[in-house]
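Numbers in the numbering used here are just positions in the sequence shown, counted from 1, shifted up by 3. Beta carbons are placed, not taken as given, at the ideal position from N, Cα and C, and that holds for glycine. Below is one structure, written out as structure tokens; comments come after it.
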Amino acid sequence: MSTRSTGTHFENIAADYLNQHGLRLVARNVRLKTGEIDLIMRDSEFWVFIEVKFRFDTAFEHPLNQIRPGQLQRIRRSAQVYLLQHGLCEYSTPCRFDVVAITAKPHDIVWIQDAF
């Protein structure tokens, strides 16, 4: 399985998991000049920008530790651009940034709301 197909597979798992918890998928793999957003979902009035991280196991590093400060800035900038492109004001539109961390061994999904 290629890196891209692996990413897509686990983004699908994350989207299904979040859908089961009441979120509605708006877009996936949104690529902008400022960066990429894995999933964009709605949770009632909130626009939710989601970073999905996967690790086969946690022996080396937990998936949550893979997120670096520069990546957080790119995701925030990309969310601002996305909102503006869709006619939404970045200051008055309720939004949050979540992380879904998935490990295969042991199988685990951790969803952190308002992670950054």
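- Ser-81 has its alpha-carbon roughly 7 angstroms from the corresponding atom of Leu-35.
- DSSP, read as helix, strand or coil, puts Ala-118 in coil.
- Assignment of beta-bridge partners to Cys-98 by DSSP yields Trp-50.
- Under DSSP, no beta-bridge partner is assigned to Ile-70.
- Excluding residues up to 5 positions away in sequence, Met-44, Arg-99, Asp-101 lie with their Cβ nearer than 6 angstroms to the Cβ of Val-51 in the same chain.
- Cα atoms of Gln-116 and Ala-104: separation of roughly 11 angstroms, rounded to the nearest angstrom.
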